[in-house]
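>
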Amino acid sequence: MNLKLLLSLFIIGLVPFVFDNSFAQITSGGFGNSPFDRNFGDVKFLDAYFGIIDEKFEIDSGNKNVPFTVVMANVGTQDITGIRGQLSLPFGFSSSDGPGSLIDADANSNSIAGENFYLTFFVDIDNTVRIQQYSGTIKIDYSRLRESGVRTAFEDFNFKVTGQSVINVRALNPFLTSLQQNHIIIEISNDGTAPISSVDIGLKNTQSERAATSQSVTNIENVVVLNTDWEIGGIEPKSKKFIELDVYVPASLKGETLRAPIEITYFNAHGDKKTISRIADFFVKGFIDLFIYNVDVIELSGTQMLIGEIINEGNEDGLFGFVTVESRGNSNIKSSTQFIDEIETDAPVPFNIQIEFDGEPRYGEHDITVTVRYKDSIRDEIFLTHDATIFVKEPSNSDEGSLDQTMIIIPIILAIGAGIYIMRRRKKVIIEQS
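Below, the structure is given as structure tokens:
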């Protein structure tokens, strides 16, 4: 009986050693299947991000040699030194020193008790890495001042692959016209892979701001801008938004490039406020303002001619001008075109086109359209139309009779002159012979 009792007690005492690894208890620091040994330390993890101490970076898959910063706090009562860190990151992240290399970094100085310290690693990101949140682990080796030996701490953390925002500015119509108000639409696009939010747009160096600046950067202060600030909210990746403004451009800027500095303030994917500057460029054209007047019909040498004048009230000549006359309604006037070359600003330009009919002539009122076709300084073709009603007269018979008589009289006069010449010639020969 005593032997059985002793054997039972022996088995009961042996059970904890046999089943020690079967219980859900924490050993070696309690971090599960981490690749590192875990021992207690007196440093605490605060933050981890791609970037440097003072700035977080937006990064994308495929980026190489990207700084990755881990922020730690010395929560102990003593200063620490000899700080060295080592990262364990998911598949797709590797050391910039090459495949298989450790991702490690050293702190540049001691960390005072109660202060933060930073470890910056350099990481390559594979092209297969997606834009999302990931988990990592950091191992920190350090020593306390006035204490021998090395302590080790482990921390698990989360970090983001944010993508990159790429902000571009483009004017939908980059041409402005002087001496008039122009309605401008500017496109603000995010061509990157990260969203931006709370976007605020400001047009800078305008007349309203010149009092606060000592020197002009561009010539935007020479125009009148009716609105200069816009709040457009967020812009998702591969999308765009638009701002609209009205600008009056004086004649002095004709032929120049107008540079409009735009300041864009937004929050990036890290939630940090950023401000960038972009330039929207415009070319200022001259103003061509044509007016057609004095359209009428005159008779010239028995031919009906359509006449008129064109005046240019702008500040730039129209180039390669043509005038075309076309019939409207029941008119059967044949379409005709005349080249008039440049349409200058200092004097009216006349035109005259012979009237011809498609079929039998029809006299009386005719509805016509006069079209002036020309090009501006950037070789854009422009059309100006003018509708008019003209009166075509029927040629008079008296004119035809006098013309016929003239055609008969002229040969008779020539024949008489020739006869007189021959008679005088013969008389001279007879005198000489006698």
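So the number in our numbering is just where the residue sits in the sequence shown, counting from 1, plus 30. C-beta: ideal position from N, C-alpha, C; glycine also.
1) Check whether the segment 162-179 and the segment 271-288 are in contact - that is, three or more C-beta pairs closer than 8 Å.
2) Could you tell me the distance, in whole angstroms, from the CA atom of Asp221 to the CA atom of Leu119?
3) Could you tell me whether the segment 176-190 touches the segment 71-79, using the rule of 3 or more Cβ pairs below 8 Å?
4) Would you call the segment 313-331 and the segment 357-370 touching, i.e. three or more CB-CB distances under 8 Å?
5) Could you tell me which residues DSSP pairs with Arg289 in its beta bridges?
6) DSSP has Phe421 in a bridge; who is on the other side?
7) Could you work out which residue in Asn95, Arg114, His416 is closest to Asp154 when comparing CA atoms only?
8) Could you compute how far the alpha carbon of Phe189 sits from the alpha carbon of Ile265?
9) What is the DSSP secondary structure of Leu132, counted as helix, strand or coil?
10) Among Ile385, Val422, Glu346, which residue has its Cα nearest to the Cα of Lys405?
11) If Thr399 and Arg358 are in contact, beta carbons under 8 Å, what's the gap, nearest whole angstrom?
12) At the level of alpha carbons, what is the spacing between Thr111 and Gly179?
13) Rounded to whole angstroms, how far is the Cβ of Gly348 from the Cβ of Leu320, which I believe are closer than 8 Å?
14) Give the secondary structure of Ala201 by DSSP, where H, G and I count as helix, E and B as strand, and everything else as coil.
15) Would you mind sorting Ala137 into buried or exposed? The rule is 16 or more other CB atoms within 10 Å of its CB.
16) In the structure shown, what three-state DSSP assignment does Asn93 receive?
17) Just reading off the beta strand (DSSP E) that Glu217 is part of, what are its end residues?
18) List the whole-angstrom C-beta distance separating Ala224 from Pro267, where the pair is believed to meet the contact cut-off of C-beta under 8 Å.
19) Residues in its own chain within less than 8 Å of Arg392 by CB, not counting five upstream and five downstream?
20) Just curious, the beta strand (DSSP E) that Ile408 is in, first and last residue?
21) Whole-angstrom Cβ separation of Asp311 and Arg289, contact assumed at under 8 Å?
22) With distances taken from CA atoms, which of Pro129, Gly166, Phe147, Thr305 is nearest Asp156?
23) For Val254, which residues of its own chain have a beta-carbon under 6 Å away from its beta-carbon, when the five flanking residues on both sides are left out?
24) By DSSP, does Ser58 sit in helix, in strand, or in coil?
25) Near His300, what residues of its chain come up, given a Cβ to Cβ distance below 6 Å and the 5 sequence neighbours on each side ignored?
26) For Asp230 and Gln194, what's the separation of their Cα atoms in angstroms?
27) Return the chain-ordered ranges of every beta strand (DSSP E) run that is complete within the segment 298-385 and spans a minimum of 3 residues.
28) Taking Gly263 as part of the beta strand (DSSP E), name the residues at either end of that continuous run.
29) Could you tell me the boundaries of the beta strand (DSSP E) in which Phe121 lies?
According to the data block:
1) no
2) 29 Å
3) With a cut-off of 8 Å, the segment 71-79 and the segment 176-190 count as touching, because enough Cβ pairs lie within range.
4) no
5) For Arg289, which the question treats as bridged, DSSP gives the partners Asp311.
6) Answer is Glu395.
7) With distances taken between CA atoms, Asp154 lies nearest to Asn95 out of Asn95, Arg114, His416.
8) 23 Å
9) coil
10) Glu346
11) 6 Å
12) 11 Å
13) With 8 Å as the limit, Gly348 and Leu320 qualify as a contact, their Cβ atoms being about 7 Å apart.
14) strand
15) buried
16) Three-state result, Asn93: coil.
17) Start and end: 210-220.
18) 6 Å
19) Ser361, Asn362, Val422
20) Ile408 -> no beta strand (DSSP E), and no H or E assigned at all.
21) 6 Å
22) Pro129
23) Tyr278
24) Legend: pLDDT at Ser58 = 40, less than 50; position of this residue unreliable, value from coordinates given subsequently. Ser58: coil per DSSP, three-state reduction.
25) Lys86
26) Distance from the CA atom of Asp230 to the CA atom of Gln194, rounded to whole angstroms, is 19 Å.
27) 303-315, 320-330, 333-342, 348-358, 366-373, 379-384
28) 259-265
29) Taken as a continuous stretch (DSSP letters only), Phe121 belongs to no beta strand (DSSP E), as it is neither H nor E.
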